[in-house]
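2 protein chains.
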Amino acid sequence: MRYRLKGRVWIESDEGTFLGFGRVVLLERIRDHGSISAAARSMNMSYRHAWKLVDSMHRQSATPLVETTTGGKKGGGATLTKAGHNAIACFWQAYKHHKQYLSDQTAPLELLK
Amino acid sequence: MRYRLKGRVWIESDEGTFLGFGRVVLLERIRDHGSISAAARSMNMSYRHAWKLVDSMHRQSATPLVETTTGGKKGGGATLTKAGHNAIACFWQAYKHHKQYLSDQTAPLELLK
DNA sequence: AAGCGTTATGCTATGGAAAACATAACGCTT
DNA sequence: AAGCGTTATGTTTTCCATAGCATAACGCTT
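Residue numbers (the numbering used here), protein chains in the order written: chain A, 2 to 114; chain B, 2 to 114.
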């Protein structure tokens, strides 16, 4: 039987989860689609849930990651702030580094025979 | 706001999760209490669930980690095999190493300001 | 003024994982 | 032979995270 070391990483503050895989993908979708609702639709997530995630991130960040507008020609929308782009980059760096770590640490599992 | 890198690790086979934190604690409790049911009680877990976890581990291991007996003076019981003890040690090693990794990798999160 | 797509937010429904319950068999003890 | 605590396993119930629905407000367009 072949074993692999698997794992997850996320970034927490005292209030709970700040950034995780799903949250960061959501931020990317908001960046790419220009609205929370289009982002949610693109990943089969309810708008309600997507909004709550953004809200949760904002309650844990000194500066907002997403700026929203209501009304207007397109009904409104959302764009990422500098801090939003930074959060994406920062998480993916930790994520990729961790992925490599897991891969490297799979070898010692040979002890399980 | 202070951020920390958090994470989980577990060991998978092609069939799914083989060893994780809860499973290994369960193995330790079985070792310490001498039965699956006492182990489950000691950690507020239903016997049904504990048994399923042991069953899942066995379906993923060439050699069993737990040996059980039914009947007898104490009604039966369970003891760890050599492979069972080995699994515990192997997981904790990976777990502790990973814990150190997370701690080390928290510094770069300063980028989030 | 009416209509649209969006943000924002409360309330309800649902589905899957875990708990809880139920039963049978086992083999010592009394 | 009856009783006990255990393993083993099927069935039902509970709980909670997420989805889903419903509504209001916003500000362009027509």
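Built from N, CA and C at the ideal position, the CB exists for glycine as well.
Within chain B, the C-beta atoms nearer than 9 Å to that of Glu13(A) come from Tyr4, Arg5, Leu6, Lys7, in chain order. Neighbourhood of His50(B) in chain A, by CB distance below 8 Å: empty, with the nearest CB roughly 21 Å away. Interface annotation for the stretch 74 to 87 of chain B against chain A: Ala84, Asn87, criterion Cβ-Cβ distance under 9 Å. Interface annotation for the stretch 101 to 112 of chain B against chain A: Tyr102, Leu103, Gln106, Pro109, Leu110, Leu112, criterion Cβ-Cβ distance under 8 Å. Rounded to whole angstroms, Ala79(A) and Trp52(A) show a C-alpha spacing of 11 Å. By the rule that beta-carbons nearer than 8 Å mark a contact, Phe19(A) touches chain B.
A Cβ-Cβ distance of about 14 Å is found for the pair Arg32(B) and Met58(B), leaving them out of contact under the 8 Å criterion. Note on geometry: alpha-carbon atoms of Leu28(A) and Gln94(A) lie some 15 Å from one another. Contiguous beta strand (DSSP E) elements confined to the stretch 11 to 42 of chain A occur at 17 to 20, taking only those with 3 or more residues.
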